[in-house]
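Quick notes on the structure that follows.
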Amino acid sequence: MPIKRYGVLRAAVIDRRIETSDTPHYQIHLRAAGVDYRAAVNVRSQQRPPELLYLGVDNFAHPVLAQVLGLPDGFTELGGQAGGPALDYIRSNLFQREAMRPVPTAAPGPENDLGDFLDHYARRALGDAEARAFVFGQAWGPEPNTPDKIFHFSPGNGVHDVHMNQGNSGRFAGDDGVFQDGGLLLHFPDGTWVAIFLAFQSQSFHTDDTTGHSLPVIAEPGPAPTPGPGEPDHLVRIVGALANPAGPAPEPESVTLLNASPDEIDLTGWALVDRAGNRHPLGGRFPAGDTLRVGTAPMELGNRGGTITLLDARGLKVDGVGYTADQAGREGWTITF
Numbered sequence: 001m002p003i004k005r006y007g008v009l010r011a012a013v014i015d016r017r018i019e020t021s022d023t024p025h026y027q028i029h030l031r032a033a034g035v036d037y038r039a040a041v042n043v044r045s046q047q048r049p050p051e052l053l054y055l056g057v058d059n060f061a062h063p064v065l066a067q068v069l070g071l072p073d074g075f076t077e078l079g080g081q082a083g084g085p086a087l088d089y090i091r092s093n094l095f096q097r098e099a100m101r102p103v104p105t106a107a108p109g110p111e112n113d114l115g116d117f118l119d120h121y122a123r124r125a126l127g128d129a130e131a132r133a134f135v136f137g138q139a140w141g142p143e144p145n146t147p148d149k150i151f152h153f154s155p156g157n158g159v160h161d162v163h164m165n166q167g168n169s170g171r172f173a174g175d176d177g178v179f180q181d182g183g184l185l186l187h188f189p190d191g192t193w194v195a196i197f198l199a200f201q202s203q204s205f206h207t208d209d210t211t212g213h214s215l216p217v218i219a220e221p222g223p224a225p226t227p228g229p230g231e232p233d234h235l236v237r238i239v240g241a242l243a244n245p246a247g248p249a250p251e252p253e254s255v256t257l258l259n260a261s262p263d264e265i266d267l268t269g270w271a272l273v274d275r276a277g278n279r280h281p282l283g284g285r286f287p288a289g290d291t292l293r294v295g296t297a298p299m300e301l302g303n304r305g306g307t308i309t310l311l312d313a314r315g316l317k318v319d320g321v322g323y324t325a326d327q328a329g330r331e332g333w334t335i336t337f
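1 is the number of the first residue of the sequence shown in the UniProt record's numbering; add one for each residue after it.
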């Protein structure tokens, strides 16, 4: 079953601590509307290999941010569905998986392990009354008779599972679900965003659209986060989108594809999918190295931002991009990715 009480905590950062125990976490003390919370962020996996995959993005931009910023202080429970502020590393096109890298839990010296990387950003938000952390994961508490074990406020209250929550293996597969991934977004008074994404090397980046379980059709997964020979990632790339054509409605929106592989590809059964799940079927032979511009109806490339995902005939994600309202605001200009 998917994790229970999935949602996002919007709060100010009050304190932080690197916990070195049998199950190390980076602990963040947060406060929202007078209520204290703790975010417990995994920095070591219980499965091998133990190092987590990490990605920190400065000046992060994605259409989901407009919805996230409108949430009130405190914890907001979210449904696991497309089109809202819930995170899905695979379906929301938040980043390219190869951008993640495994990092050690702890290592001598500064700025060289996961605790250091998380602390770098948390310290930037610490004590800034206008900065806000948005912690996505599973809520616990309040626990009226149990003070927090790290920061000792009462009642105990917080968020954990601040990492990818699908494509799990072994006993953790029961936590799988779609649109329930964890993560940490930080918004600063100057309007900039920082995004922190975490995953376990044992997790799969191709999962079932209903259950979030790893797909058995991937016979040769690569060493995370690199796709293996059985995975279709980036055989074809989405390189451009005309989301706001010049002229009166209805406007002929389009997406430009590049066959980046050395082989001709049969696009029969392939499809483009928008953020709402609308599909545009593809077909025909696509020569190696060629580009292809396709219309998108019944997909809608909204001018307020959106996502575009390319699926192969097996339904596996080949490529995916996101674009913001600012990018779509220039009439007649093609957005490049």
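Where is the CB? At the ideal position from N, CA and C, for every residue including glycine.
Note that the structure is predicted; figures quoted are calculated from it, not measured.
query, result
"Give the secondary structure of V43 by DSSP, where H, G and I count as helix, E and B as strand, and everything else as coil.", "coil"
"Let me check understanding here. Comparing Cα to Cα, which of L258, P252 and T309 lies closest to G332?", "P252"
"Compute the Euclidean distance between the alpha carbons of Q201 and V8, then round it to the nearest angstrom.", "24 angstroms"
"Taking the CB atoms as reference points, tell me whether A131 and F188 lie closer together than 7 angstroms.", "yes"
"Do L242 and S254 have their beta-carbon atoms positioned less than 7 angstroms apart in this structure?", "yes"
"Go ahead and label D113 buried or exposed: buried means 16 or more other beta carbons lie within 10 angstroms of its beta carbon, across all protein chains shown.", "buried"
"Which residues does DSSP pair with K317 in a beta bridge?", "L311"
"So which of G277, D274, N278 and G284 has the shortest CA-CA distance to I265?", "G284"
"Going by the CB atoms, is the gap between I28 and A11 shorter than 7 angstroms?", "no"
"Less than 7 angstroms separating the beta-carbons of D263 and A288?", "yes"
"Take G137 as the anchor and find which of K317, L185, L282 and D22 has the nearest alpha-carbon.", "L185"
"Which partner residues of H280 appear in the DSSP bridge assignment?", "L272"
"Leaving aside the five residues before and after N278 along the sequence, list all residues of the same chain whose C-beta is less than 7 angstroms from its C-beta, in chain order.", "P298, M299 and E300"
"Taking P24 as the reference, give the member of G115, L311, V35 and N59 with the closest Cα.", "G115"
"Which residues in the same chain have their Cβ closer than 8 angstroms to the Cβ of T210, if we skip the five residues on either side of it in sequence?", "V178"
"Could you give the residue range of the alpha helix (DSSP H) that holds D326?", "A325 to A328"
"Per DSSP, G7 forms a beta bridge with which residues?", "E77 and G137"
"According to DSSP, is D128 helix, strand or coil?", "coil"
"Kindly indicate which three-state DSSP category V68 falls into: helix, strand or coil?", "helix"
"Since V318 contacts P221 with CB under 8 angstroms, what's their CB separation in whole angstroms?", "Going by Cβ atoms, the distance from V318 to P221 rounds to 15 angstroms, so no, they are not a contact pair."
"Are the CB atoms of S95 and L55 nearer to each other than 7 angstroms?", "Here the sequence assigns Phe to residue 95, which means Ser is not the residue at that position. Going by C-beta atoms, F95 is nearer than 7 angstroms to L55."
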